[in-house]
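Worksheet for the structure shown next.
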Amino acid sequence: MANTETVILDRNGISRGLTRIAHEILERNKGVANLVLVGIRSGGDHLARELRSLIADIEGEEVPLGAVDVTMYRDDLGSRGPMAMGKTEIPFPLDGRNVILVDDVLYTGRTIRAAMDALIDLGRPRNIQLAVLVDRGHRELPIRADYVGRNVPTAREENILVEFDENQKPVEVRLIKS
Numbered sequence: 001m002a003n004t005e006t007v008i009l010d011r012n013g014i015s016r017g018l019t020r021i022a023h024e025i026l027e028r029n030k031g032v033a034n035l036v037l038v039g040i041r042s043g044g045d046h047l048a049r050e051l052r053s054l055i056a057d058i059e060g061e062e063v064p065l066g067a068v069d070v071t072m073y074r075d076d077l078g079s080r081g082p083m084a085m086g087k088t089e090i091p092f093p094l095d096g097r098n099v100i101l102v103d104d105v106l107y108t109g110r111t112i113r114a115a116m117d118a119l120i121d122l123g124r125p126r127n128i129q130l131a132v133l134v135d136r137g138h139r140e141l142p143i144r145a146d147y148v149g150r151n152v153p154t155a156r157e158e159n160i161l162v163e164f165d166e167n168q169k170p171v172e173v174r175l176i177k178s
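Residues in the sequence shown are numbered from 1 upward in steps of one, following the UniProt record's numbering.
Put into structure tokens, the structure is as follows:
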């Protein structure tokens, strides 16, 4: 059986979702004081950059931006075979900061758990809040997003793909049915 793909968010839909998330982050945190963005490689780091730009447009101030690679924190490392490691780049202290952890798709929660472990190894944030472009359900761990661009209930055999252009800007989100 051939795969079928459905576009569930186009560039404008993604923009609206990220703009809403930016406003919600600012409202909940009462501005940008003590706020940092950390994107999960790869996908979340590109979205974190977009959120940083939107927040700067709204507040007139850029928040610190970092990226975390969770490869060595994964609980399935032994069963996945060789994996390319990315680079964690957090050029600011996390201690006492409000960290907005950003990912593209929230599924089982295992990647988020790995990212939180990595962050806590680097410092002691005041709190960690989670922002995702798409929440597709099927949690295996008690993790929920604080900010969601779009909830898309899926079957386990379906997949969500966030596509980025050559400048790492999100262009569309597709639901792939096998």
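Positions of the beta carbon are idealized from the N, C-alpha and C atoms, including for glycine.
Contact set for residue 171: own chain, Cβ-Cβ below 7 Å, skip 5 residues either direction = 11, 163, 164 and 165
Any alpha helix (DSSP H) of 4 or more consecutive residues that is wholly inside the stretch 41 to 83 = 44 to 59
Which partner residues of residue 164 appear in the DSSP bridge assignment?
-> 170
Using the DSSP secondary-structure output, state which residues sit across from residue 107 in a beta bridge.
-> None, per the DSSP bridge assignment.
Counting Cβ pairs, one atom from each stretch, are 3 or more of them under 8 Å apart for the stretch 53 to 64 and the stretch 128 to 145?
-> no
Candidates 43, 75 and 107, of which the one nearest residue 86 by Cα = 43
Using the C-alpha atoms, what's the distance from residue 47 back to residue 179?
-> In this structure the chain extends from 1 to 178, so residue 179 is not present and cannot be described.
For residue 61, which option in 102, 71, 34 and 73 has the closest C-alpha, if you only look at C-alpha atoms?
-> 34
Rounded straight-line distance, which links the Cα of residue 8 to that of residue 31 = 31 Å
Cβ-based neighbour list, residue 25, same chain, cut-off 8 Å, excluding 5 preceding and 5 following = 35, 51, 55, 100, 129, 131 and 147
Beta-carbon proximity check, residue 68 vs residue 88, cutoff 7 Å | yes
Might you give, ordered along the chain, the residues of its own chain that have their beta carbon closer than 7 Å to the beta carbon of residue 145, omitting 5 neighbours on each side?
-> 106, 130, 131, 132 and 135
Residue 20 at chain D interface by Cβ criterion, 7 Å | No chain D appears in this structure, which consists of one protein chain only.
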